[in-house]
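Protein chains in written order, with the numbering used here: chain A, 9 to 846; chain B, 42 to 114.
Note that the Cβ used here is the ideal one computed from N, Cα and C, for glycine as well.
Just so you know, these numbers come straight off a predicted model, no measurement behind them.
Take a look at the structure below.
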């Protein structure tokens, strides 16, 4: 495995680099590095308050621009008719680096501010006009409805005349004016007219009745159309009311009560002609307002369309600028050299790319001063960076979800690419279902380019992210389906079966005889439909789960070796790896060997009965050495089992004691040296003086921020012992429980097969024999139902369940054998990733 | 007739294929990934086939039907 290429086996080697960037080039350099996406900058001003950092002003300005862009976006989204937003790929580009950059940003700021003021103005005027329109519509309703009242009242004019006796004086005053108009109405009642919410009308009536002691006549009608509030879109229903009363005091009271109940009063004239004049006026004004409203709407829409052309580009620019300035805030300003100093983690492999990017940035900006790059020596742990492509990304993510790998430890994600779909398939094995999910994944992969650009729904997005995982899951499921001989709960009869069924007996029972032939690839189809088919299948699948489980765990245990070798921990190999391996193999490896051995023997030629392996294992531990000769698997079994048990028993104290003992000896050695070192310390002051001089020198890679959290190996011996005890107990108990845990491979595949069979027998099978038109139609409907149940229940639900269990097997059973998972992930400044974060 | 020989024979073939996979994958950024994938696929598929084959070598029970007719495609 060559060193020239990155591998998924370990995380990449990282270097801590120090950048000395002249201030003029700083913005463009950071922009270039952001596009590259390979540097994770360290915060060199941890003690500084975010409001006191150097680039706070620029960030504030970009925030203001971002706020405006968000405002535009929300306005566009609120429009009922979709306003097209031109995608980023098609948008005109805006140059943000180089000598014209500052000018472009200023221009952008001004443009955004102008658009915002215009948009806000239009919104406000639209709102005001809408309210005005609403009032006028109400007035029109009032005019119309009150006309009805007055016409009704005309006919009852004489009755009213006689019931009211006083307050003739004010009426007389009106008389002259009345006579100018040709009115037969001699209305001498005064009234208040207006509109009120429908919900309040009854309360209004009751209050008025009480206040005026019944001295009123009120009439009200519903306004049929509801009024829609333009801001919220809520509908309110109103009624028109008209209240007749006499006397100024009463009218004043009515007006007060009406206003307190939130009614709107309109001045209506008693005279019919004057009313029709008012109606005409209101209608004319309404028409004018409608026109103005329409024009405002059209203008606003065209403004939004213009904004939509550039919106994506603005969002992109604003986001990048903000990221650039936030990053620049992390830098340290070196006063003497007038440069910004930055520190960051870079994958060692990408150093040349970084150099080129820096050179490119200086060329773009037009200056001739190139930023300087220096490597720093440090004892801090670098971040973990695994270089993935679109295929391996999904697998790496699901393994990272358990914990990020420690820097440069063996990456379980590499192996999960195959083992995860394989264990999934063992639980899901069905050719038909496997094909369904395989084609679903294939479809998503073909639509890859298009879907990657879209904003996908959360759930669909999850499935899309894991499309390659699903593809592999489908492929392996077809293989295990072939093994289990299961396609939509039926079995395939490709080769000669190994069983010949005899003639059926009178009670319908039929037995099979072995014809010596072994079905070469998969489970013999004769077992399908047999009454004791499950007995065979259960035994087969349980034993297969144990075999696969022990082999998977052994493999995971072996992954410890490369870690111990790389990090130079030979003690761990002898004190941890070897006893663990011996313990695991002496009990469970032995079990696997016994399973395979028992299968390979022809029991018909042996005189002993085939022993139950489970009882054999239990007896091995509970009563070692005693093996019944009639129930033995092989000769000498008792002796061998005792030896294996002793081996396992020896491993426990081995694991408990060896490592703490050696670490204790090491601590003694260091302490011994430490005492010697104190005497040496008298030469100390001279040393520190040298250090100070070194910092002053040019070109010295001194880490600027020496954080105080140096890993001081304060080994309390009791901690070491406790840690080792926990580790030992965890491993030993874990061996047993994890081996049993692998039985879920059997359990889920059984459940899947049974569910599939039940679905078939309860749906299609019942309708296969029905003849005639009714039969065919019913069959078609049942097939549709069967297929949708297959997809939703068997593929999606069972698929998710098997996915979860396969993942658990990887996280708990496999990773606990070798994984440390104490790293932190590499989060570079990357403009492409900014997109994903939003 | 039913012997363990096919198991061993196929094991030899699979080991040979795994060695080919290890040796003949071209150098490149994906070498480790492809190698691991090929070897693990061969190993896991062989394991499952081997277990299935051996479970049927000398079966301890025979299939038995209480109703007429099988259900195979």
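- As for any beta strand (DSSP E) of minimum length 3 sitting wholly inside the segment 20–44 of chain A, the runs are 22–30, ordered along the chain.
- Taking a beta-carbon distance threshold of 8 Å, residue 618(A) counts as an interface residue toward chain B.
- For residue 55(B), the CB contacts under 7 Å within the same chain, skipping 5 residues up- and downstream, are 83 and 87 in chain order.
- At least one beta carbon of chain B lies nearer than 8 Å to the beta carbon of residue 526(A).
- Here the segment 496–506 of chain A does not lie against the segment 463–480 of chain A, with fewer than 3 beta-carbon pairs under 8 Å apart.
- Residue 397(A) has its alpha-carbon roughly 14 Å from the corresponding atom of residue 453(A).
- Linking residue 50(A) to residue 360(A) through their CA atoms gives a straight-line distance of about 20 Å.
- Counting every other CB atom within 10 Å of its CB across the protein chains shown gives residue 588(A) a total of 16 or more, marking it as buried.
- The distance from the Cβ of residue 362(A) to that of residue 381(A) is about 7 Å, consistent with a contact at the 8 Å cut-off.
- Ranking 90(A), 740(A), 569(A) and 536(A) by CA distance to the CA of residue 594(A) puts 740(A) first.
- Excluding its 5 nearest sequence neighbours in each direction, residue 769(A) has no C-beta neighbour in its own chain below 6 Å.
- Distance from residue 47(A) to residue 354(A) at the Cβ level is roughly 5 Å; contact confirmed, criterion being Cβ atoms closer than 8 Å.
- When CB distances to chain B are screened at a threshold of 8 Å, the residues of the segment 531–547 of chain A falling below it are 531, 532, 533, 534, 535, 536, 537, 538, 539, 540, 541, 543, 544 and 547, in chain order.
- Annotation: the continuous beta strand (DSSP E) that includes residue 246(A) extends over 246–253.
- Sequence-distant partners of residue 120(A) (beyond 5 residues in either direction) whose C-beta falls short of 6 Å from its own C-beta, in its chain, are 73 and 76.
- At a cut-off of 8 Å between beta-carbon atoms, residue 70(B) makes contact with chain A.
- Contact annotation: residue 393(A) and residue 17(A) have beta-carbon atoms that are not nearer than 8 Å.
- Annotation: the continuous beta strand (DSSP E) that includes residue 349(A) extends over 347–355.
- Collapsing the DSSP output to three states places residue 97(B) in coil.
- The segment 269–286 of chain A makes contact with the segment 149–160 of chain A, as at least three CB pairs between them are under 8 Å.
- Beta-bridge analysis with DSSP links residue 18(A) to 418(A).
- Contact annotation: in the segment 50–67 of chain B, no residue has its CB less than 7 Å from a CB in chain A.
- Residue 725(A) and residue 672(A) have their C-alpha atoms some 7 Å from each other.
- A contact is defined here as three or more CB-CB pairs under 8 Å, and the segment 401–410 of chain A meets this definition with respect to the segment 423–440 of chain A.
- If you draw a straight line from the Cα of residue 140(A) to the Cα of residue 115(A), it is about 38 Å long.
- The contact set of residue 17(A) on chain B, defined by CB atoms closer than 7 Å, consists of 73 in chain order.
- Of all residues in the segment 423–457 of chain A, those with a C-beta nearer than 8 Å to a C-beta of chain B are 423, 425, 426, 427, 430 and 434, reading in chain order.
- Minimum Cα-Cα distance from residue 503(A) among the listed residues 525(A), 100(A), 488(A) and 93(A) corresponds to 525(A).
- In this structure, the CA atom of residue 570(A) is about 7 Å from the CA atom of residue 418(A).
- Taking the C-beta atoms as reference points, residue 591(A) is found no nearer than 8 Å to residue 538(A).
- The Cβ atoms of residue 485(A) and residue 529(A) do not sit closer than 8 Å to each other.
- The beta carbon of residue 94(B) falls within 8 Å of a beta carbon belonging to chain A, placing the residue at that interface.
- Rounded to the nearest angstrom, the gap between the Cα atoms of residue 235(A) and residue 94(A) is 36 Å.
- With fewer than 16 neighbouring CB atoms inside 10 Å of its own CB, residue 575(A) falls in the exposed class.
- Residue 380(A): member of the beta strand (DSSP E) spanning 380–384, first to last residue.
- Counting only runs that start and end inside the segment 418–464 of chain A, the alpha helix (DSSP H) elements of at least 4 residues fall at 420–436, 439–454 and 456–461.
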